[in-house]
């Protein structure tokens, strides 16, 4: 320990003796370590930190597998959930839940909140109980009771943290609910982008004219289970598959196309985020490697200047191990200083990163510099110190004492020069790889933003209104409200046209239905053999959204509830189900009922252009449009096209809705351009971060290449002077230096090209409209790398031509 302390003190003196060298090395390391720590803090929160529930490794999501398409869907019908719960032997408990927005009244101004319906088994399964009051009971899964649990934040914000809130009556969606309890602070479930603020009991889904509990074709319920001790996931999966097969035989109309699936719950929570985050971690890891190579080059250059010192140490009796330990101690000390600076940078970088993180990334808000992140930072600091310290330490082992002492410290070391060159080649290769990845994501993002969504999003305001079924229980009341609201908004200055739709394109919501085609036979047990998406629209919707009508007519005033049922389809549906035919006048029966009349045959009266509904990156699918006057849904997203800034109308819209009904909140209010921006938030996040990391890598590489050439020029001052004294022109000297640098750059680009062809395949699922081996991207990045390498070579080359031959001949 005494000797180690001596090494540390000497190393610290050496760093302080060379402040310029130390500062450059620490800054390079801080950039690499800080970026790694910031990214790791997000990965730790999203992927590594255990879910905040009891024994989370035993929690499993249960869902369906579409046997035809081979895709997984984690939404069951309530009857299927009840059958799984009754028939399985693998789970201690199965619980169901469904996220849904609700309107809260009776606690201040009416508010639209994000809530969830949950079954009574859920909270005991998670190992969490209310802070105040009680949880739901099994009896409250039956229709007739209305009970609510409040989140801790909602309790404080809306109920003033009243300890006597249990038993209080509040209004939810027009019904009276009794507060049963308050959940503890910090509890969140489901773990989504938007926090749930209240939970209602499951009995509500057994009420109404067509209760969800009895609809075996309505897939809406998410199911979570806890495995019994000793039961493996594979055993549970096999049993769920058997139950699904039995249900398919028992209910062929609704279940024959589905199998069963069970996956770990944490995998369901993280979703598609894992690959993107691991790609970013790999990118910052590459930045750190480049920083290490740069510092190793600095240390090699300094080691060449210290060859005589090391030789004298060895001559005075220092063993090779003692010399290596001294050099590694200096390297580790330098890396720890870089780690401290990197941690300071990570404190700021994590905040910036969280501000850039797309809303849909689960648990990202929990990212912080906790003990695991601090341990990670310390570990990579030590590892990087050992990594970039190995090259000069290895070089010291191969020092010939006699030659070094006779040289008197003059000249360079050929082996060290080769190591420095190899490091530069590696830096260029890694930087090229990162630039190619960033270039592919930039190209992909640009192509994504060029996609025509199928409508004109400019100057359109959208907001949602949901009418409580208890108050608006007749189609006439629903139509009267939306008619009055449309008239009032239309009368506002700057409003060009007003309409409404449910669900709105690019809103994250969707509604799928089956249908049959009149005149085409159906298989036994499959009355609705084809699939499509349903859109319910208000008058003038296509005009307001600038969606082109390509055949037939739009809905008109004569399309009333009691009139002939009609429907408009999009081009995708027409091409898929009516190839080389005229679909106008044909009839289909989308599988949804209206006003208790059940499924109706509807005449196709028009065809419109396709619209990207789910996202810009997904192709348009088959869609049917039904007039709201013939399907009076209570929830509608109102859209208003304006000739002014649409955001300026937000307060006026709220006032108009409040004047019609003070208990109706306006929510999810955004312009359509904001919605499009949100749909590309994740690819934008990936592109920005990877571009930033690639830029840092390129800067470090250019600096490293410049440093090596500048050092070589300084080492070859005498040689260059002799060449010029013997008649070599300045141009030939420049070419000599540039050739040396460009040879290294070309070798690095060649290696980077080979690595890129292999590595970019991991990006394939993150790209849109561009292949992972896009030749244009590779060519442009290669050209850019050559130009930057040329610039990095030119400055030392120009400096070499300034050498005075007389001074060079007297050098040393």
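In the numbering used here, the protein residues as written are 32 to 843. Every residue, glycine too, gets a C-beta built ideally from N, C-alpha and C.
Sub-7 Å separation of residue i and residue j beta-carbons
i, j, result
"residue 68", "residue 275", "no"
"residue 157", "residue 128", "no"
"residue 812", "residue 733", "no"
"residue 76", "residue 403", "no"
"residue 516", "residue 509", "no"
"residue 744", "residue 827", "yes"
"residue 139", "residue 189", "yes"
"residue 117", "residue 150", "no"
"residue 583", "residue 636", "yes"
"residue 831", "residue 764", "yes"
"residue 456", "residue 775", "yes"
"residue 736", "residue 823", "yes"
"residue 254", "residue 112", "yes"
"residue 655", "residue 598", "yes"
"residue 398", "residue 651", "no"
"residue 486", "residue 601", "no"
"residue 384", "residue 799", "no"
"residue 488", "residue 704", "yes"
"residue 592", "residue 506", "yes"
Assigned secondary structure, residue i (DSSP; H/G/I helix, E/B strand, else coil)
i, result
"residue 439", "Low confidence applies to residue 439: its pLDDT is 49, below 50, so where it sits in the model is not reliable, and the reading given next is rough at best. The answer is coil: DSSP assigns residue 439 none of H, G, I, E or B."
"residue 96", "strand"
"residue 723", "helix"
"residue 203", "strand"
"residue 255", "strand"
"residue 643", "coil"
"residue 69", "helix"
"residue 632", "coil"
"residue 485", "coil"
"residue 561", "strand"
"residue 609", "coil"
"residue 503", "coil"
"residue 711", "coil"
"residue 638", "strand"
"residue 853", "Nothing about residue 853 can be read from this structure; the chain reaches only from 32 to 843."
"residue 148", "strand"
"residue 55", "helix"
"residue 111", "helix"
"residue 220", "coil"
"residue 661", "coil"
"residue 798", "coil"
Cβ neighbours of residue i in the same chain (closer than 6 Å, five flanking residues each side left out)
i, result
"residue 620", "546, 547, 630, 632"
"residue 623", "544"
"residue 567", "533, 657, 659, 662, 664"
"residue 372", "57, 61"
"residue 725", "465, 466, 469"
"residue 370", "64, 408, 412"
"residue 675", "525"
"residue 728", "318, 321, 462, 465"
7 Å CB neighbourhood of residue i in its chain, flanking five on each side removed
i, result
"residue 795", "803"
"residue 322", "59, 60, 62, 63, 731"
"residue 696", "134, 141, 142, 143"
"residue 528", "571, 574, 575, 672"
"residue 320", "461"
"residue 221", "128, 130, 147, 227"
Own chain partners of residue i with C-beta closer than 8 Å, once the 5 adjacent residues on each side are dropped
i, result
"residue 738", "325, 328, 329, 332"
"residue 19", "The structure shown has nothing for residue 19, since the chain only spans 32 to 843."
"residue 557", "283, 284, 287"
"residue 99", "288"
Open item on the list: If contact is defined by three or more beta carbon pairs under 8 Å, each pair taking one atom from either stretch, is the stretch 188-208 in contact with the stretch 244-257?
Closed with: Three or more Cβ pairs closer than 8 Å define a contact, and the stretch 244-257 falls short of that threshold against the stretch 188-208.
Task: the stretch 530-537 touching the stretch 642-649, judged by at least three CB pairs closer than 8 Å - done: The stretch 530-537 is in contact with the stretch 642-649.
Open item on the list: Does the structure place the stretch 458-472 close enough to the stretch 658-673 that three or more beta carbon pairs sit under 8 Å?
Closed with: No: fewer than three Cβ pairs fall under 8 Å.
Task: Meets three-Cβ-pair contact criterion under 8 Å: the stretch 294-311 and the stretch 83-98 - done: Note that the stretch 294-311 touches the stretch 83-98; at least 3 beta-carbon pairs, one per stretch, sit closer than 8 Å.
Open item on the list: Counting beta carbon pairs with one atom in the stretch 363-375 and one in the stretch 402-413, are three or more of them shorter than 8 Å?
Closed with: Touching, yes.
Task: Sufficient close CB pairs (3 or more, under 8 Å) joining the stretch 700-711 to the stretch 486-496 - done: Of all C-beta pairs linking the stretch 700-711 to the stretch 486-496, three or more are shorter than 8 Å, placing the two stretches in contact.
- [ ] Please confirm if the stretch 472-487 is in contact with the stretch 711-725, defined as three or more CB-CB distances below 8 Å between the two stretches.
- [x] Three or more beta-carbon pairs drawn from the stretch 472-487 and the stretch 711-725 are found closer than 8 Å, and the two stretches are therefore classed as touching.
Task: Three or more C-beta pairs below 8 Å linking the stretch 93-104 and the stretch 165-177 - done: The answer is no - the stretch 165-177 does not touch the stretch 93-104, with fewer than three Cβ pairs under 8 Å.
Task: Length at least 3, wholly inside the stretch 164-197: the beta strand (DSSP E) runs in chain order - done: The beta strand (DSSP E) runs lying completely inside the stretch 164-197 and spanning 3 residues or more are 178-181, given in chain order.
Open item on the list: Quick test of the definition: if touching needs 3 or more C-beta pairs under 8 Å, does the stretch 92-99 touch the stretch 227-235?
Closed with: With the cut-off at 8 Å, the stretch 92-99 and the stretch 227-235 do not touch.
Task: Ordered list of alpha helix (DSSP H) runs contained in the stretch 236-311, each at least 4 residues - done: Runs of the alpha helix (DSSP H) inside the stretch 236-311: 264-281, 283-286, 296-301.
Open item on the list: What ranges does the beta strand (DSSP E) occupy inside the stretch 568-599, keeping only unbroken runs of at least 3 residues that lie completely in it?
Closed with: You should have 580-583.
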